[in-house]
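Asker: Respectively, the protein sequence lines represent chains A and B.
So the number in my numbering is just where the residue sits in the first sequence, counting from 1, plus 8.
So the number in my numbering is just where the residue sits in the second sequence, counting from 1, plus 8.
Have a look at this one.
Protein chains: 2
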Amino acid sequence: MSLIRKIIKPRTARDEYFFVELKKIIGFIPKNLHYYKKAFIHRSIQEVDKESGLPQNYERLEFLGDAMLSAVIAAYLFEEVPSGDEGYLTQMRSKIVSREHLNELGRDLDLLKFVKSTVAKSKFGENIHGNVFEALIGAIYLDRGYNFCEKFIQKRVIIPYVDVPKLEGKITSYKSLFIEWCQKQKKDFQYEVYEDTGKDTVKHFSVKLFLDGKIISKGRATSKKKAEETASKRAYFAFQNEITNN
Amino acid sequence: MSLIRKIIKPRTARDEYFFVELKKIIGFIPKNLHYYKKAFIHRSIQEVDKESGLPQNYERLEFLGDAMLSAVIAAYLFEEVPSGDEGYLTQMRSKIVSREHLNELGRDLDLLKFVKSTVAKSKFGENIHGNVFEALIGAIYLDRGYNFCEKFIQKRVIIPYVDVPKLEGKITSYKSLFIEWCQKQKKDFQYEVYEDTGKDTVKHFSVKLFLDGKIISKGRATSKKKAEETASKRAYFAFQNEITNN
Chain A
9 MSLIRKIIKP RTARDEYFFV ELKKIIGFIP KNLHYYKKAF IHRSIQEVDK
59 ESGLPQNYER LEFLGDAMLS AVIAAYLFEE VPSGDEGYLT QMRSKIVSRE
109 HLNELGRDLD LLKFVKSTVA KSKFGENIHG NVFEALIGAI YLDRGYNFCE
159 KFIQKRVIIP YVDVPKLEGK ITSYKSLFIE WCQKQKKDFQ YEVYEDTGKD
209 TVKHFSVKLF LDGKIISKGR ATSKKKAEET ASKRAYFAFQ NEITNN
Chain B
9 MSLIRKIIKP RTARDEYFFV ELKKIIGFIP KNLHYYKKAF IHRSIQEVDK
59 ESGLPQNYER LEFLGDAMLS AVIAAYLFEE VPSGDEGYLT QMRSKIVSRE
109 HLNELGRDLD LLKFVKSTVA KSKFGENIHG NVFEALIGAI YLDRGYNFCE
159 KFIQKRVIIP YVDVPKLEGK ITSYKSLFIE WCQKQKKDFQ YEVYEDTGKD
209 TVKHFSVKLF LDGKIISKGR ATSKKKAEET ASKRAYFAFQ NEITNN
């Protein structure tokens with residue numbers, strides 16, 4: 009009850025759209041939309057808080073989100089890799105929170121659609137994707153605290169993207185691992201790739217992976233290669249015992 | 009009730025001592041002493057976990073504690089300095105979590121007394137103080153979670169040491185500020201300094217600051233200069249309205 013009462017209801021149609029879309033992305037109910045709106049205001053807008061006269065844009069939230077992301081990933085790696093020493097953990101974390109990786113995360117969630125700016129979106133560099141992704145984590149911290157940041161990062165970073173053996177370089181491609189296994193076992197396999205952008209603003213591809221004529225996994229991503237890798241990884245985990253004992 | 013049941017009671021006299029001293033330092037009841045013990049095991053001991061065969065020392069906890077400290081300080085600065093931009097916040101945080109500052113924090117809490125090592129304590133460099141301070145934060149995270157890290161850092165770092173105007177270089181010395189004010193106001197002041205090591209293993213000094221013959225504040229630290237500065241800062245805040253309106 010008290011939780012529901014505290015939620016600030018969206019007022020306008022535009023807020024309503026933002027609320028619904030944001031909820032899908034973060035995976036829980038945002039309490040105070042104000043924080044999240046700020047996470048998508050580019051400095052070009054030159055928005056200023058009426059009371060304090062302070063600039064309102066996502067840059068300070070980026071700082072906060074970056075700190076929360078680093079802490080959550082540190083705690084995850086600490087638990088996940090008990091054999092890794094301090095240097096190893098530091099190195100793994102750098103790979104996960106690399107600029108390139110954050111840009112990919114922001115792009116895949118299509119966060120750019122929320123950005124308010126006077127600059128044409130096509131003119132932004134790649135980094136805007138990662139910057140607003142970090143700012144979004146900062147907004148989650150202000151709205152719901154550390155534990156919700158952890159939940160969000162678990163759902164949107166760790167589960168879909170963090171793969172310690174791959175980051176360690178032990179597995180560079182699940183696709184080649186899978187194909188190798190099929191060939192040894194004399195099994196038929198087929199990757200069926202098709203464009204599947206749907207309502208996304210960025211082009212997407214889907215893959216169906218067949219083993220002996222049956223679909224065993226699917227993948228969807230912004231490139232054919234990534235979609236194939238996702239499907240292969242899922243197949244790898246589904247058949248892990250058979251593949252690793254082979 | 010359930011909280012009390014979960015606490016693992018100390019078993020030996022040595023554990024009892026550790027439990028009591030630790031509780032004073034962290035300011036709450038540690039649930040699982042195991043985590044905290046590890047925060048003080050130096051690698052020279054070459055302790056190994058019987059089940060996993062993994063080395064047991066504080067180095068991994070340092071990584072975890074460093075991440076939590078950075079996140080808590082980021083959140084503090086974000087709230088405390090609404091006018092600071094991303095670059096400013098990053099710079100302030102670096103000052104607060106500098107190696108030198110962390111060493112001072114660990115030294116003032118006399119954490120070295122808990123360290124288990126085959127190396128003579130006199131042979132350690134300065135950094136051991138900061139390292140075990142970070143490891144202690146890591147242990148707090150594992151034992152009680154992020155919110156207790158925040159509590160501890162608030163109590164042991166932010167309240168006693170973090171002073172944004174001073175970090176900003178706007179105030180370099182509270183002592184000179186205080187003296188200047190006394191001279192303008194034609195008030196008598198006196199710093200009474202004496203050694204006050206007590207049960208500490210490190211030498212400490214205490215200061216009583218008198219204004220027109222009356223004690224107005226006290227300070228205690230590991231150097232005369234620091235103890236005077238602490239007493240001056242307390243006096244400054246006590247007389248802030250009078251000093252800043254002057």
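Virtual Cβ for every residue (Gly too), placed ideally from N, Cα, C.
Taking one C-beta from the region 56 to 72 of chain B and one from the region 154 to 170 of chain B each time, how about it: are there three or more such pairs within less than 8 Å?
Answerer: No: fewer than three Cβ pairs fall under 8 Å.
Asker: Is residue 198 of chain B helix, strand or coil when you go by DSSP?
Answerer: Numbered from its first residue, the second sequence carries residue 198 of chain B at position 190. Residue 198 of chain B: strand per DSSP, three-state reduction.
Asker: May I have a chain-ordered list of the beta strand (DSSP E) segments no shorter than 3 residues that lie completely inside the region 180 to 247 of chain A?
Answerer: Runs found: 197 to 203, 213 to 219 and 222 to 229.
Asker: Which whole runs of the alpha helix (DSSP H) in the region 100 to 175 of chain B are 4 residues long or more, in chain order?
Answerer: You should have 107 to 116, 135 to 152, 154 to 161 and 172 to 175.
Asker: What are the boundary residues of the alpha helix (DSSP H) that residue 19 of chain B is part of?
Answerer: Residue mapping note: residue 19 of chain B aligns to position 11 of the second sequence, counting from 1. It is not in any alpha helix (DSSP H) - residue 19 of chain B carries neither H nor E in the DSSP assignment.
Asker: Using a Cβ-Cβ distance cut-off of 9 Å, determine whether residue 72 of chain B contacts chain A.
Answerer: Working through the second sequence from its first residue, we reach residue 72 of chain B at position 64. It does: the Cβ of residue 72 of chain B has a partner Cβ on chain A nearer than 9 Å.
Asker: Answer yes if the region 94 to 107 of chain A comes into contact with the region 118 to 138 of chain B, meaning at least three C-beta pairs across the two stretches below 8 Å, and no otherwise.
Answerer: No, the region 118 to 138 of chain B is not in contact with the region 94 to 107 of chain A.
Asker: Put residue 80 of chain A into one of helix, strand or coil per three-state DSSP.
Answerer: Walking along the first sequence from the start, residue 80 of chain A turns up at place 72. In this structure, residue 80 of chain A counts as helix in the three-state DSSP scheme.
Asker: To the nearest whole angstrom, what separates the beta carbons of residue 141 of chain B and residue 175 of chain B, a pair I think is in contact under 8 Å?
Answerer: By one-based count along the second sequence, residue 141 of chain B stands at place 133. By one-based count along the second sequence, residue 175 of chain B stands at place 167. About 19 Å separates the two Cβ atoms, so there is no contact after all.
Asker: Compute the beta-carbon to beta-carbon distance between residue 237 of chain B and residue 181 of chain B, rounded to the nearest angstrom, for a pair I have assumed lies under 8 Å.
Answerer: Position 229 of the second sequence, counted from the start, is the residue given in the question as residue 237 of chain B. Position 173 of the second sequence, counted from the start, is the residue given in the question as residue 181 of chain B. About 7 Å; that satisfies the 8 Å criterion.
Asker: Specify whether the region 241 to 251 of chain A and the region 207 to 227 of chain A touch according to this definition: at least 3 beta carbon pairs, one from each stretch, less than 8 Å apart.
Answerer: Because the criterion of three Cβ pairs below 8 Å is met, the region 241 to 251 of chain A and the region 207 to 227 of chain A touch.
Asker: Report all residues from its chain with a CB closer than 6 Å to the CB of residue 200 of chain A; omit the five preceding and five following residues, and keep chain order.
Answerer: If you number the first sequence from 1, residue 200 of chain A lands on position 192. Cβ neighbours of residue 200 of chain A beyond the five flanking positions: 216.
Asker: Apart from the five residues on each side of it in sequence, which residues of its chain come closer than 7 Å, Cβ to Cβ, to residue 86 of chain B?
Answerer: As a working note, residue 86 of chain B is residue 78 in the second sequence. If we look at residue 86 of chain B and ignore the five residues flanking it on each side, its Cβ neighbours are 97.
Asker: Hey, quick one: how far does the alpha helix (DSSP H) through residue 41 of chain B stretch, first residue to last?
Answerer: Locating residue 41 of chain B in the second sequence gives position 33, where the first residue counts as 1. Start and end: 41 to 46.
Asker: Report the neighbours of residue 151 of chain B on chain A: residues whose CB is nearer than 9 Å to its CB, in chain order.
Answerer: For the purposes of this step, residue 151 of chain B is identified with residue 143 of the second sequence, where counting begins at 1. Within chain A, no residue comes near residue 151 of chain B; the closest Cβ sits about 13 Å away, beyond 9 Å.
Asker: Whole angstroms is fine: what's the gap from residue 184 of chain A's alpha carbon to residue 242 of chain A's?
Answerer: Indexing the first sequence from 1 puts residue 184 of chain A at position 176. Indexing the first sequence from 1 puts residue 242 of chain A at position 234. Cα to Cα, the separation comes out at about 13 Å.
Asker: Give a yes or no on whether 9 Å exceeds the smallest Cβ distance from residue 44 of chain A to chain B.
Answerer: Residue mapping note: residue 44 of chain A aligns to position 36 of the first sequence, counting from 1. No, residue 44 of chain A does not count as interfacial toward chain B.
Asker: Kindly say whether residue 28 of chain A, judged by its beta-carbon, lies nearer than 9 Å to any beta-carbon of chain B.
Answerer: Translated into the one-based positions of the first sequence, residue 28 of chain A becomes position 20. No, residue 28 of chain A does not count as interfacial toward chain B.
Asker: Would the beta-carbon of residue 136 of chain A fall within 9 Å of that of residue 212 of chain A?
Answerer: Here the question's residue 136 of chain A lines up with position 128 in the first sequence. Here the question's residue 212 of chain A lines up with position 204 in the first sequence. No, the pair does not count as a contact, with Cβ atoms beyond the cut-off.
Asker: According to the Cβ coordinates, are residue 46 of chain B and residue 143 of chain B closer than 9 Å?
Answerer: Reading the second sequence from its first residue, position 38 is the one you call residue 46 of chain B. Reading the second sequence from its first residue, position 135 is the one you call residue 143 of chain B. Their beta carbons are under 9 Å apart, which means residue 46 of chain B touches residue 143 of chain B by this criterion.
Asker: Would you please verify whether the beta carbon of residue 144 of chain A is less than 9 Å from any beta carbon of chain B?
Answerer: Translated into positions along the first sequence, residue 144 of chain A becomes position 136. It does not; no Cβ of chain B falls within 9 Å.
Asker: Under the rule that 16 or more other beta-carbon atoms within 10 Å means buried, what is residue 9 of chain B, buried or exposed?
Answerer: Numbered from 1 along the second sequence, position 1 holds the residue referred to as residue 9 of chain B. At residue 9 of chain B the pLDDT is 43, less than 50, meaning the model places this residue with poor confidence; the figure from the coordinates comes in the next sentence. Classification of residue 9 of chain B: exposed, given that the 10 Å Cβ count is below 16.
Asker: With distances taken Cα to Cα, identify the nearest neighbour of residue 229 of chain A among A:173, A:191, A:198 and A:168.
Answerer: Looking up residue 229 of chain A in the first sequence gives position 221. Answer by Cα proximity: A:168.
Asker: Helix or strand or just coil, what does DSSP make of residue 37 of chain B?
Answerer: Within the second sequence, residue 37 of chain B is the residue found at index 29, counting from 1. It is coil, neither helix nor strand.
Asker: Pull up the CB-CB distance for residue 161 of chain B and residue 77 of chain B, whole angstroms please, since I reckon it's below 8 Å.
Answerer: Against the second sequence, residue 161 of chain B aligns to sequence position 153. Against the second sequence, residue 77 of chain B aligns to sequence position 69. Yes, they are in contact, since the Cβ atoms of residue 161 of chain B and residue 77 of chain B sit about 6 Å apart, within 8 Å.
Asker: Rank B:197, B:84, B:210 and B:81 by C-alpha distance to the C-alpha of residue 240 of chain B and give the top, closest one.
Answerer: Against the second sequence, residue 240 of chain B aligns to sequence position 232. Comparing Cα positions, the closest option is B:197.
Asker: Smallest Cα separation from residue 92 of chain A: which of B:90, B:34 and B:71?
Answerer: Working through the first sequence from its first residue, we reach residue 92 of chain A at position 84. Residue 92 of chain A has its Cα closest to that of B:71, out of B:90, B:34 and B:71.
Asker: Cβ closer than 8 Å: which chain A residues qualify as neighbours of residue 67 of chain B?
Answerer: As a first step, residue 67 of chain B must be located in the second sequence, where it is residue number 59. Within chain A, the residues near residue 67 of chain B are 93 and 94.
Asker: If you reduce the DSSP assignment to three classes, tell me which class residue 89 of chain B lands in.
Answerer: Taking the second sequence and counting its residues from 1, the one referred to as residue 89 of chain B is at position 81. Looking at residue 89 of chain B - three-state DSSP - the assignment turns out to be coil, as it is neither helix nor strand.
Asker: Which residues of chain B have a Cβ atom closer than 7 Å to the Cβ of residue 60 of chain A, listed in chain order?
Answerer: Along the first sequence, read from residue 1 onward, the residue named residue 60 of chain A stands at position 52. What residue 60 of chain A touches in chain B: 90.
Asker: Let me check one thing: in DSSP terms, what residues is residue 49 of chain B bridge-paired to?
Answerer: Locating residue 49 of chain B in the second sequence gives position 41, where the first residue counts as 1. According to DSSP, residue 49 of chain B bridges with B:124.
Asker: Looking at residue 62 of chain B: is its Cβ nearer than 9 Å to the Cβ of residue 90 of chain A?
Answerer: The residue given as residue 62 of chain B occupies position 54 in the second sequence. The residue given as residue 90 of chain A occupies position 82 in the first sequence. Cβ atoms of residue 62 of chain B and residue 90 of chain A: closer than 9 Å.
Asker: Does the Cβ-Cβ distance between residue 107 of chain B and residue 138 of chain B come in under 9 Å?
Answerer: If you number the second sequence from 1, residue 107 of chain B lands on position 99. If you number the second sequence from 1, residue 138 of chain B lands on position 130. In this structure, residue 138 of chain B lies closer than 9 Å to residue 107 of chain B by Cβ.
Asker: Distance, Cα to Cα, residue 110 of chain A vs residue 203 of chain A?
Answerer: Numbered from 1 along the first sequence, position 102 holds the residue referred to as residue 110 of chain A. Numbered from 1 along the first sequence, position 195 holds the residue referred to as residue 203 of chain A. Taking the straight line from one Cα to the other gives about 24 Å.
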